[in-house]
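Chemist:
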Amino acid sequence: MAEEYTLDKCKLLAEKAASASDLPFQCKKYPEAVKSANIQRQNTSKDAYAGMQGGLAAQANKKKGRPSHAQIQRRLTNSRRFTKQN
Numbered sequence: 823m824a825e826e827y828t829l830d831k832c833k834l835l836a837e838k839a840a841s842a843s844d845l846p847f848q849c850k851k852y853p854e855a856v857k858s859a860n861i862q863r864q865n866t867s868k869d870a871y872a873g874m875q876g877g878l879a880a881q882a883n884k885k886k887g888r889p890s891h892a893q894i895q896r897r898l899t900n901s902r903r904f905t906k907q908n
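For the sequence shown, the positions run 823 to 908 when the numbering used here is used.
Okay, here's the thing in structure tokens:
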């Protein structure tokens, strides 16, 4: 026996769905539910590094012109820096 999908139930599902393709087939006959699922999908963040802790600090240092930790380590540990012969 197929489950009955009303407009209200489809709207609730659309709020939780990532895109309109995640909605059941019966909900696709309601354009309001499909539209709200598509709008929610467009508002999602596409920044892959949004949750990383050091990202903001690294960006701030880059804007200020400070070298990164790796650049400092390379500068200080290059043993041939002062003894290179051309």
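Beta carbons are placed, not taken as given, at the ideal position from N, Cα and C, and that holds for glycine. This structure is a prediction, so every number in the text was calculated from the model and none was measured.
For R888, name the three-state secondary structure that DSSP assigns.
Modeler: Reading the sequence shown from its first residue, position 66 is the one you call residue 888. The answer is coil: DSSP assigns R888 none of H, G, I, E or B.
Chemist: When the Cα atoms are used, what is the spatial distance from P853 to A840?
Modeler: Locating residue 853 in the sequence shown gives position 31, where the first residue counts as 1. Locating residue 840 in the sequence shown gives position 18, where the first residue counts as 1. Their Cα atoms are separated by approximately 16 Å.
Chemist: In its own chain, which residues sit with a C-beta less than 8 Å from the C-beta of A855, not counting the 5 before and 5 after it?
Modeler: Taking the first residue of the sequence shown as position 1, residue 855 is located at position 33. Correct list, in chain order: L829, C832, K833, L835, A836, L845 and C849.
Chemist: Could you tell me the distance, in whole angstroms, from the CA atom of A892 to the CA atom of Q881?
Modeler: In the sequence shown, residue 892 corresponds to position 70, counting from 1. In the sequence shown, residue 881 corresponds to position 59, counting from 1. So the two alpha carbons sit approximately 14 Å from each other.
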